[in-house]
Amino acid sequence: MVELPVAEGQSVSSGDLLARVDPVQARSELEAAEAAIRALEADARSARELVDSARADLELAEALAREAVANRQRLQALFDQELIAASELDAARASAESRTAQVAASRAAVNRAESGAEAAQRRVAQARAQADRARDLVEKTAIVAPISGVVSRLQVREGEMVVIGIQNQPGTVLMTVSDLAELNAEVLVAEADVLRVEVGQEATVTLEALPERRFRGRVTEVGASALPQTGGGVAAREFRVEIRLEEPEPGLRPGLTCDAEILVGEERDVVVVPLQAVVLRGGSEGGPGGTGGSGGNEERGVFVVEDGIAQFTPVETGIIGGLDIEVRGIEVGTEIVIGPYQVLRDLEDGAAVAAR
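For what it's worth, our numbering labels the leading residue of the sequence shown as 2, then goes sequentially.
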């Protein structure tokens, strides 16, 4: 790395020089490739000249062959009239056969010359392709900004050894240029919730660095598969979800820790209760997401308090928001038992309760 005119955090415009790699070796390879092209082009010209010469020889051989065949036919007619000796006809026949053989040899010479010219042209094309690759390497020694943005991460220093990337061989990562006008928040969503997340849903993002601010955004990508689990313990699988911030604030930087709330459904004027207040009765007890052990007879409900007595009241549940869940079957303002969990787990219908 011979030149590094930018620093981490610096703003750059599209086309600005970001870095320069020593071009000496790349230029040397380009000069060698261009010299090879010149030599091979000279060979190709010579090969084309041989084709022209062979075609001229073929035309001459064909003309002489036609003349010899015509002479043989003329002498054959004279011999049939007993006007010439047999020796003269034999000589004409031999000449015609020789000229015909020369045509075949000349045609073969043309084919060889054309094949040689085609091979020479292919070598020129290969050399030009090699020169194009060398020229591309020379151009790649000057790295320019592909977009306008900020150098959010700088991974090399001037004087360090780097590798220029070519086909099937990645090069050294020099830096990251981020377009801070478009910021994405990457969050992890548990498998229990990911099926309700869809592209286009509204989201609210909060940053640990700016806890008082809330940034609006929309889901732009939902992971198609769960992320690999790390460690030997059993943990809930998670899916990566990407949220595009609609109005990112100047000064935000990639890598900041964030949380997000994604609006997967919306209901207005409904009754909500704490999630743990909803229990199952009639089978194995559990929370609103439990499955129970006996199945079939379980009923989901809450314990309504009337005159200090807990009455199990069946409810229908709806969407979950945070630690609350929508329920239908009780009215707003109804007093219910919300915990603690140990009380709800063992609470029986008709038991006396008192608020703490």
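Backbone N, C-alpha and C fix where the C-beta goes; we use that ideal spot for every residue, glycine too.
Excluding its 5 nearest sequence neighbours in each direction, Ala8 has C-beta neighbours in its own chain below 8 Å: Val152 and Leu155, listed in chain order.
Residue pairing from DSSP leaves Val354 without any beta-bridge partner. At a Cβ-Cβ threshold of 8 Å, Glu192 and Glu239 count as neighbours. For Asp58, the CB contacts under 6 Å within the same chain, skipping 5 residues up- and downstream, are Ser107 in chain order. Counted as a single uninterrupted DSSP element, the stretch harbouring Gly201 is not any beta strand (DSSP E), since DSSP gives it neither H nor E. Shown here for Glu209: same chain residues with a beta carbon closer than 6 Å to its own, the five before and five after excluded, namely Thr258 in chain order. Counting along the chain, no beta strand (DSSP E) covers Asp23, and no H or E run does either.
Taking C-beta separations shorter than 6 Å and ignoring five residues to either side along the sequence, the partners of Val70 in its chain run Ala97, following chain order. In this structure Ile148 is exposed. Its beta-carbon is surrounded by fewer than 16 other beta-carbon atoms within 10 angstroms.
Put simply, of Glu68, Ala126, Lys141 and Glu248 the residue whose alpha carbon is nearest the alpha carbon of Met2 is Lys141.
Around the CB of Gly302, 16 or more other CB atoms lie within 10 Å, so the residue is classed as buried.
Note that the C-beta distance between Glu327 and Ile337 is not below 8 Å. Approximately 50 Å separates the beta-carbon atoms of Glu307 and Arg245; this is outside 8 Å, ruling out the contact.
The C-beta of Leu281 has 16 or more other C-beta atoms within 10 Å across all chains shown, which makes the residue buried. The C-alpha of Thr221 lies about 9 Å from the C-alpha of Asn185. DSSP places Gly117 in the helix class (H, G or I) of the three-state scheme. Looking at Arg94, Ser99 and Arg158, the one whose alpha-carbon comes closest to that of Ala20 is Arg158. Under the three-state reduction of DSSP, Ala33 is assigned to helix. With 16 or more neighbouring CB atoms inside 10 Å of its own CB, Gly218 falls in the buried class. Minimum Cα-Cα distance from Val195 among the listed residues Thr318, Ile263 and Arg346 corresponds to Ile263.
Distance from Val223 to Val188 at the Cβ level is roughly 11 Å; contact not present, criterion being Cβ atoms closer than 8 Å.
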